[in-house]
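Going by the numbering used here, the first residue of the sequence shown is number 17, and it counts up by one from there.
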Amino acid sequence: MPRRLIPIILFAAPALFPAHSSSAQSLPPSSSGPCTLQGSVVDAVSGQPVPHALVKLSAAAAARATLTDSAGRFQFEALPAGPFTLEAEKPGFLTRDRFGRWSPPTVALQLAPDSPPALLKLVSEGVIFGQVSDENGEPLEGFTIRLLLRRPGHRSLTSEMLHRATITDDQGRFRIAGLRPGFYYLEARPVHEPALSATGKSFAPSGYSPAFYPGVKDIASAVPLKILPGRMVQATLSLKREPFVQLSGTVSGYTPDEQITVSLEDPFGVSASSEIVFDRTTGAFHTQWVPPGVYTISSQSAVAVVVDEGNAVSIASQSSATGPSGFTRAPTTTFASLRVNATTSQSNLHLALQPTIEIPVVVHGLPTSNDESLQPVPPALVLLPKEPFLHPNPNVGAQPISLNPQPTGDFHAVFAGLMPGTYELEIAPQQNAAYYAESATWGSTDLLREDLILDSSGSIPPIQMTVRDDGATLNGKVHFGDIPLPAQVVLLTDKPRAPVFLPVSSDGIFSISGLAPGAYRIFAVDSSADFDYQDPAFLAKISSKIQEVTLAPKQSASINLGLAAVGESAP
Numbered sequence: 017m018p019r020r021l022i023p024i025i026l027f028a029a030p031a032l033f034p035a036h037s038s039s040a041q042s043l044p045p046s047s048s049g050p051c052t053l054q055g056s057v058v059d060a061v062s063g064q065p066v067p068h069a070l071v072k073l074s075a076a077a078a079a080r081a082t083l084t085d086s087a088g089r090f091q092f093e094a095l096p097a098g099p100f101t102l103e104a105e106k107p108g109f110l111t112r113d114r115f116g117r118w119s120p121p122t123v124a125l126q127l128a129p130d131s132p133p134a135l136l137k138l139v140s141e142g143v144i145f146g147q148v149s150d151e152n153g154e155p156l157e158g159f160t161i162r163l164l165l166r167r168p169g170h171r172s173l174t175s176e177m178l179h180r181a182t183i184t185d186d187q188g189r190f191r192i193a194g195l196r197p198g199f200y201y202l203e204a205r206p207v208h209e210p211a212l213s214a215t216g217k218s219f220a221p222s223g224y225s226p227a228f229y230p231g232v233k234d235i236a237s238a239v240p241l242k243i244l245p246g247r248m249v250q251a252t253l254s255l256k257r258e259p260f261v262q263l264s265g266t267v268s269g270y271t272p273d274e275q276i277t278v279s280l281e282d283p284f285g286v287s288a289s290s291e292i293v294f295d296r297t298t299g300a301f302h303t304q305w306v307p308p309g310v311y312t313i314s315s316q317s318a319v320a321v322v323v324d325e326g327n328a329v330s331i332a333s334q335s336s337a338t339g340p341s342g343f344t345r346a347p348t349t350t351f352a353s354l355r356v357n358a359t360t361s362q363s364n365l366h367l368a369l370q371p372t373i374e375i376p377v378v379v380h381g382l383p384t385s386n387d388e389s390l391q392p393v394p395p396a397l398v399l400l401p402k403e404p405f406l407h408p409n410p411n412v413g414a415q416p417i418s419l420n421p422q423p424t425g426d427f428h429a430v431f432a433g434l435m436p437g438t439y440e441l442e443i444a445p446q447q448n449a450a451y452y453a454e455s456a457t458w459g460s461t462d463l464l465r466e467d468l469i470l471d472s473s474g475s476i477p478p479i480q481m482t483v484r485d486d487g488a489t490l491n492g493k494v495h496f497g498d499i500p501l502p503a504q505v506v507l508l509t510d511k512p513r514a515p516v517f518l519p520v521s522s523d524g525i526f527s528i529s530g531l532a533p534g535a536y537r538i539f540a541v542d543s544s545a546d547f548d549y550q551d552p553a554f555l556a557k558i559s560s561k562i563q564e565v566t567l568a569p570k571q572s573a574s575i576n577l578g579l580a581a582v583g584e585s586a587p
């Protein structure tokens with residue numbers, strides 16, 4: 017995906033720069049007379065000039081662009097005084113990631129005839145390269161190389177943390193570039209393995225199991241690779257062939273006219289469903305030969321698309337429901353899953369399909385308006401299962417039943433497709449929304465402090481949430497020295513289920529609005545740090561860097577934070 021690099025802008029002492037040509041559009045005239053903007057682009061770590069970097073200057077009605085010269089310098093002439101934004105980019109340097117960690121969305125400057133030169137700092141990308149070979153040192157071609165990151169503030173790894181992937185060449189070599197600073201876990205897995213049926217075979221074929229650097233099967237035993245700006249890290253893996261295994265069993269709980277699917281996944285959600293065979297008439301399934309390891313076998317009733325005589329499209333399954341305003345909810349399906357640690361072949365496995373569960377949601381406190389353009393947007397609600405491998409989806413979002421809040425100010429939604437288990441409610445405000453969750457309860461459970469434990473017995477109460485629009489605003493800066501780091505600010509409250517992880521720009525600036533009034537413990541940490549915000553030992557270690565702030569409704573506050581050093585992640 018193409019990305020732009022937005023630089024840090026500092027102002028240096030005036031200096032002489034040669035003029036450069038630039039592609040231009042006519043800019044609006046200014047009564048202040050024409051201005052000249054000079055500047056340079058440097059490497060943020062080494063301070064060396066960056067030649068041939070693309071520099072973009074933009075205003076409300078026009079834009080210009082130019083390349084830096086061999087000394088990293090640039091110049092724009094005949095500019096009107098006023099506000100502009102300045103950006104720079106070059107291959108080999110980091111672009112702004114999807115969290116905006118390296119810079120704010122725009123970098124603004126107020127141009128005047130006496131404006132000093134601008135200094136733009138680009139951050140070099142990190143690179144991981146290496147080779148995969150067998151036990152005899154022969155290169156292994158066609159292996160998938162994946163990098164995984166931890167969920168911010170958590171020690172657990174999930175399938176959502178997949179960052180980059182590539183394939184080894186005919187010499188077993190690989191290279192992954194464009195990496196921001198952080199700790200990466202590297203995995204190698206075969207793309208194609210023997211898919212032999214067990215029929216008529218008295219032996220199991222052998223092959224290679226997925227392995228983590230430096231050649232271990234378990235992620236807990238893996239060694240993370242530390243990437244800093246501009247750093248190249250080498251990683252080699254040696255893999256050993258081992259006998260493959262086969263899994264077999266039955267599925268029950270469906271009718272002859274239902275469409276049933278059976279799937280196979282590894283702990284990180286990588287599908288191996290092409291290696292499983294299911295006979296719907298008998299309910300029997302078996303896998304082809306697969307590497308030994310931990311797998312999730314799941315089955316569910318498929319949703320069919322039906323077109324009637326009037327060409328109207330509908331969704332058919334066991335049942336469906338239509339809510340107010342004509343919104344059709346997702347149909348109820350059946351689902352079952354089984355976690356298997358397959359060190360050897362296993363048979364007599366059984367999946368008993370059960371109907372999935374729905375939980376209604378009512379959001380209180382949203383104002384109403386007859387003008388659809390003024391309708392408020394409620395927070396996005398997600399239930400995160402604590403054991404995602406045993407559920408149909410790694411997370412479940414609340415789907416609206418009606419488009420707009422009712423006259424009472426209530427907004428109705430539903431969590432569909434749930435299975436019995438333990439869930440954490442995640443609440444995220446929509447973009448440009450100023451609402452925060454004052455409370456969220458499910459029966460007697462306070463979901464801002466406790467997990468939602470769902471079983472299939474008894475009635476299912478709705479989740480009741482109250483939101484308010486008198487939130488506070490917090491602005492601040494993180495001081496992390498001369499080397500830009502992908503820092504994040506963590507805001508903790510007395511509600512352990514509602515921490516806030518806030519990305520920080522490469523110049524240390526951060527801002528957030530719509531915060532619930534109350535007391536906060538706030539600290540900044542390198543985003544590559546291996547930490548758990550719920551660990552008392554970790555919080556005690558960085559206690560000198562934690563600031564306590566109490567915010568009142570509609571208050572605007574500012575704060576300066578020092579970067580907390582966390583083990584090897586400290587600069």
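Glycine is no exception: its CB is placed at the ideal position from the N, C-alpha and C atoms. Note that the structure is predicted; figures quoted are calculated from it, not measured.
Beta-bridge pairing of residue i - partner residues as DSSP gives them
i	result
F223	Note that residue 223 is Gly in the sequence shown, not Phe. DSSP, once it has assigned bridges, lists E258 as partnering G223.
L298	The residue you asked about is not Leu; residue 298 is Thr in the sequence shown. DSSP lists no partner for T298.
M435	Per DSSP, none; premise fails for M435.
V520	DSSP output for V520 lists no bridge partner at all.
V483	A453
K242	F199
Assumed close pair residue i, residue j - CB separation to whole angstroms, cut-off 8 Å
i	j	result
V207	G158	5 Å
L400	E442	6 Å
T277	E291	Going by Cβ atoms, the distance from T277 to E291 rounds to 14 Å, so no, they are not a contact pair.
V57	L138	6 Å
L73	A79	7 Å
G578	K557	Contact flag wrong, Cβ pair sits at about 14 Å.
Straight-line Cα distance separating residue j from residue i
i	j	result
L95	P50	5 Å
A134	G55	4 Å
L136	K106	12 Å
L125	F100	5 Å
T253	L127	Going by the sequence as given, residue 253 is Leu instead of Thr. Cα to Cα, L253 sits roughly 54 Å from L127.
M481	E454	8 Å
V230	G146	Residue identity check: residue 230 is Pro in the sequence provided, not Val. Those two C-alpha atoms are separated by around 11 Å.
A488	P395	16 Å
R205	I144	17 Å
S572	T566	11 Å
T184	L354	33 Å
P569	V483	13 Å
A532	L508	11 Å
L102	G524	18 Å
A444	G188	43 Å
H380	A227	49 Å
I243	Y201	11 Å
L367	Y439	22 Å
N576	R180	34 Å
V494	A540	7 Å
D548	A236	16 Å
E154	V516	48 Å
N364	L470	28 Å
A581	A76	41 Å
A193	G108	8 Å
Helix, strand or coil at residue i according to DSSP, with G and I counted as helix
i	result
S475	coil
P552	helix
I558	coil
A236	helix
S86	coil
S10	Nothing about residue 10 can be reported from this structure: the residues present for the chain run from 17 to 587 only.
E141	coil
S290	helix
H495	strand
E151	coil
I159	The residue asked about is misnamed: residue 159 is Phe in this sequence, not Ile. Note: F159 maps to strand in three-state DSSP.
W458	strand
D186	coil
I575	strand
Q674	There is no way to answer for residue 674, as the model of the chain reaches only from 17 to 587.
H68	coil
First through last residue of the beta strand (DSSP E) which encompasses residue i
i	result
Q563	563-567
Y100	This sequence places Phe at residue 100; Tyr is not what is there. It spans 98-105 - the beta strand (DSSP E) in which F100 sits, taken as one unbroken run.
D542	534-542
E403	No beta strand (DSSP E) holds E403; DSSP gives it neither H nor E.
is_contact[residue i, chain B] using C-beta, thresh 8 Å
i	result
C51	Given the protein chain composition of this structure (a single chain), no chain B is represented.
Distance cut-off 7 Å: residue i Cβ against heavy atoms of the ligand GDP
i	result
L163	Of the ligands one can find in the structure shown there are none, so the ligand GDP has no counterpart to examine.
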